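Comments concern the structure below.
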Amino acid sequence: MAPDYDYTKKSAQRGFGLQIVIAFLLGLSSVLIFSIWRRRWPRLYAARMFRRPDLPQLPPTLFGWIKTVLRISDSQVLEYAGLDAYVYLTFFKASFDLFWRLAAMSVCVIGPLRWWYTGQYEEGDDDRSLSGDRPHNGDRTVLFGNFLWVYLLSCAVFTYLTLRIFTRYTYRVVKVRQLYLGQQKTITDRTLCITGIPRSMCSKQALIEYVAGLNVGEPESVVLCKIWSELDHLMAKREEIVLKLEHYWAELLGPTFINDLEPPVHSLVLRETPEEIAQQAVEHRRSRPRGRTGWLGLKGPTVDYIDHYTTQLSDIDKLISRERQRTDIPITNAAFMTMDSVGSCQLVAQSVLDPKPHRLVAKLAPSPRDVVWGHVYLPSFEKALRGYVITFIFILTSAFMLYPVKILASLLDMNKIENFLPGLARIIRKSEWLETFVTQVLPTFVFTLFNIVVPYFYAWMSDFQGFISSEDAELASVAKNFFYVFVNLFLVFMIATNYLSLLDTTQIAVKLADTLKQLSAFYTNLIILQGMGVFPARLLQAGSLLQFPFFVTHCKSARDYLNLYKPATLNYGVILPTPLLMFMIMLMYSVISIKILVFGSIYFAIGYCVFKYQFIYSMVHPQHSTGRLWASIYRRVLLGLLLFHLSTMGVLVLQKAYTMAASIIILMIVVVVVWRDFETSTVPLLRFIALKAAEESESTEPYRDSPLDTTPDVEQVSELNSALMDNDSESSRSSGRLVSELRHSRSQTLDENRDFNRQYVNPNVTCTLNGPWIGVEGTEYVVANPQGMVRRQLNFDEWE
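Going by the UniProt record's numbering, 5 is the number at position 5 of the sequence shown; the sequence numbering is gapless.
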């Protein structure tokens, strides 16, 4: 049986009120502190504005940023944050659109009907279990049996609303994705990654002739992937030497970071010649750094560190130049092929090129900046081995997490605490408020802590797995982290102390429904904490804030100071799984708990505002935006519907309404049919660009390799936004015409700007071998090269 957590009505109400107070104070204080700190440290909390001055300006007032963020349209999100940010925010928007409707129906219809039939406005307002006996109160017992039809009807209506709303948003995402990606003109959109190339075809000419002979398009260029592992090793060693040199130059010259926005008090304007730099060091009474080169600086001859590492840098530069000029570098069985058009690239990617398995397999190439070149070199067997090892570690860590999850589940029941720690239980029982805090508030904080720490570990595992693109690794981390939060922190949490009850698989629906009733207070408190407390606290960027003092104390060189204020990066594998789990929990409780629906709506409303601010102003997602994230989201929505049906079926079976329970199977079949249709008809549109969309784009504008300076005017942005918010056929035609017009007056998309002048070549082969940075002045940095001091314009990506 499910554990008896003995949630009394009074205790549940006390815990509910306490959680609201704690979450409200946490959220309000976080917003207030953020609003103050945002103006005090704009380089931390609006970091993107210093690298993208075209972003919407934030007002100087304390809370004026909220109004500005809410006014940012979907078209501006696409322009400033990319397609993946638009897809992520669409999930929050669709969820809010769904749950406020379900909450309104529950408050206005289901609640009054439940009160009329049972005398309780919400399931759980008394001490009864769904499987327990209900007290006799006149005809209430009979009336409750009549009320069950409301469960069945609500389940059908809620299923219809969920499918209708998310299908509508799916069509919107697909349309925007096709228009957004179809109009792009970068090398990424025309390039294929071909693997499994046989030895007889490992030449550019052979590959071009083979693909051209298939009459699916004309190859424009081919880049064979060479094994530059030795060069990568030399470049990594060179980077270490450069960083050491920069630190010793900073020790000699003192602070050399000059920024017009926030100039340090003791910054020095750098001189132009070595003689002037030496004079600068003399003026400030600084001696050249010297020491021993042996172990911990205790052994070896005493040297001038700058001269010593400058010599090392010169030597390794010669080795790098020699390595780059080698003609006998071995070639892998992979290549990047750029086609003459987006349409032909899409056509080849969806084709089978060779009758033999695992040979000449073509797929859309990742962006050049997303390619993990170290993984491109990996042999097939090593990639497979890494996959098996990561899977084994993932299973092992998931099994290890069962024990702390079981301990967490025990916190919900004082009887369990008394069995483990009887002395602590006696202390807790002396105060009702302390007991409420320990059994109903503390578990939600521990649960939230698990959701914060573990996902970063699984994201790191995905990076190590061997994917050739960081986007694939990110999508893999979404799957791993969702499995973790769903299985370990939801299913295992519910049955942590009820393993024996699962042995009878015929009772899964019954046990699920009964356990959901018993855990309703916990999940209500969890959603309140996550929505009203944790989301506002995200604005403070606690991770960056805690690291900031440590990094400041270790900042020496100009590069260190520049990196200090670079925007934090977002990883959807970390931030997406928990909202997906919250969505599923809300859906499963939709006919049981009105409070969960109400606070679920608040959860997604606040989350939408918080993430919208971070996407636009304070954080950056470096991976290429393709919108593939929506397929993962929609699958989890359908999975949540199936679990919702299973739990509602369990509620009806517990009340011996077998006919009603059996009728829910029809709803489950409908969801399965919708799921199958989604996989066959919609998923390809979320993976590829339709040939029609690519053809329309190619017929109106040639390929371009330089960014445009013009930006769309306000009326065009407004019209595009209205098209994004509408889905009828007329709107689809007008939005298509609009995109055609914007091609000649808009700025390039975010990914077009990021892919500007990039090629499918290991950057270590082509990058300039600059010397150490010895200073930064405004938008220029000064490099100490063997030829002398050179000033260069700062030109880096937002996340660098």
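Ideal Cβ placement from N, Cα and C applies to all residues, glycine included.
Quantities reported herein were computed from a predicted structural model and do not represent experimental measurements.
Backbone secondary structure at residue i - three-state DSSP
| i | result |
| --- | --- |
| S219 | The displayed chain sequence assigns Pro, not Ser, to residue 219. P219: strand per DSSP, three-state reduction. |
| R292 | strand |
| F457 | helix |
| L526 | helix |
| residue 877 | Residue 877 is absent from the structure shown; the chain starts at 1 and stops at 800. |
| I194 | strand |
| R791 | strand |
| E122 | coil |
| T779 | coil |
| S410 | helix |
| N785 | strand |
| V265 | With a pLDDT of 34 at V265, under the threshold of 50, the modelled position of this residue cannot be trusted; read the value that follows with caution. Looking at V265 - three-state DSSP - the assignment turns out to be coil, as it is neither helix nor strand. |
| W773 | strand |
| V352 | coil |
| I72 | coil |
| L421 | coil |
| K318 | helix |
| S469 | strand |
| A476 | helix |
| L148 | helix |
| A657 | coil |
| L519 | coil |
| A568 | strand |
| P707 | The predicted position of P707 is uncertain, since its pLDDT is 36 and thus under 50; a value taken from the coordinates is nonetheless stated next. Coil at P707, not helix or strand. |
| V211 | helix |
| I620 | Here the sequence assigns Val to residue 620, which means Ile is not the residue at that position. Looking at V620 - three-state DSSP - the assignment turns out to be strand. |
| V175 | The sequence given here has Lys at residue 175, not Val. Helix, per DSSP. |
| L224 | strand |
| V31 | helix |
Segment limits, alpha helix (DSSP H) that includes residue i
| i | result |
| --- | --- |
| L234 | 229-253 |
| I110 | Unbroken run through I110: none, as it is neither H nor E. |
| D304 | It is not in any alpha helix (DSSP H) - D304 instead sits in the beta strand (DSSP E) that spans 302-304. |
| residue 878 | Summary: the structure shown does not reach residue 878, with the chain confined to residues 1 through 800, and so no result is reported for it. |
| F599 | 594-613 |
| F550 | 542-554 |
| G573 | 572-575 |
| H645 | 629-654 |
| L750 | 750-754 |
Contact belief for residue i with residue j at Cβ below 8 Å, rounded distance in angstroms
| i | j | result |
| --- | --- | --- |
| T170 | W630 | 7 Å |
| E218 | S321 | Their Cβ separation, rounded to whole angstroms, is 36 Å, which puts E218 and S321 out of contact at 8 Å. |
| N762 | G771 | Not quite, the Cβ-Cβ distance comes to about 21 Å (not below 8 Å), so this is no contact. |
| Q541 | A568 | 6 Å |
| E780 | Q793 | 6 Å |
Element boundaries [beta strand (DSSP E), containing residue i]
| i | result |
| --- | --- |
| G343 | Careful: G343 lies outside any beta strand (DSSP E), inside the alpha helix (DSSP H) at 342-349. |
| L364 | 361-364 |
| M337 | 331-339 |
Cβ of residue i within 9 Å of any chain C Cβ
| i | result |
| --- | --- |
| Y377 | The question asks about chain C, but that chain is absent: this structure has only one protein chain. |
Own chain partners of residue i with C-beta closer than 7 Å, once the 5 adjacent residues on each side are dropped
| i | result |
| --- | --- |
| N137 | Per-residue confidence for N137 stands at a pLDDT of 48, beneath the threshold of 50, marking its modelled position as unreliable; no derived number is given. |
| Q346 | F688, I689, L691, A694 |
| Q787 | none |
| T195 | N333, A334, V361 |
| V598 | A103 |
| N146 | Y117 |
| R190 | T338, M339, S341, V342, C345 |
| G17 | none |
| C202 | L224, I331 |
| V534 | T448 |
Proximal residues to residue i (C-beta, below 6 Å), its chain only, five neighbours per side dropped
| i | result |
| --- | --- |
| G300 | R292, T293, G294 |
| Y121 | G111, W115 |
Own chain residues within Cβ distance below 8 Å of residue i, not counting five before or after
| i | result |
| --- | --- |
| M660 | L148, W149, Y151, L152, L652 |
| G387 | Q465, G466 |
| C555 | Y561, L564 |
- request: Say whether the region 603-618 touches the region 69-85, bearing in mind that this needs 3 or more beta-carbon pairs closer than 8 Å, one atom from each stretch.
  value: yes
Cβ pair count under 8 Å reaching 3, the region 92-105 against the region 160-172: yes
- prompt: Using 8 Å as the Cβ pair cut-off and three pairs as the minimum, do the region 202-221 and the region 289-306 touch?
  reply: no
- request: Inspect the CB distances between the region 631-651 and the region 583-595 and report whether three or more fall short of 8 Å.
  value: Inter-segment contact for the region 631-651 and the region 583-595 is present: three or more beta-carbon pairs are separated by less than 8 Å.
- request: Mind the definition here: the region 180-189 touches the region 752-770 only if three or more C-beta pairs lie below 8 Å; say whether that holds.
  value: yes
- prompt: Any contact of the region 471-478 with the region 440-451, i.e. 3+ C-beta pairs under 8 Å?
  reply: no
- request: Assess, as a yes-or-no matter, whether the region 35-49 is touched by the region 59-69 under the definition of 3 or more beta carbon pairs within less than 8 Å.
  value: yes
query: If you pair each beta-carbon of the region 236-243 with each one of the region 302-319, do three or more pairs fall below 8 Å?
result: yes
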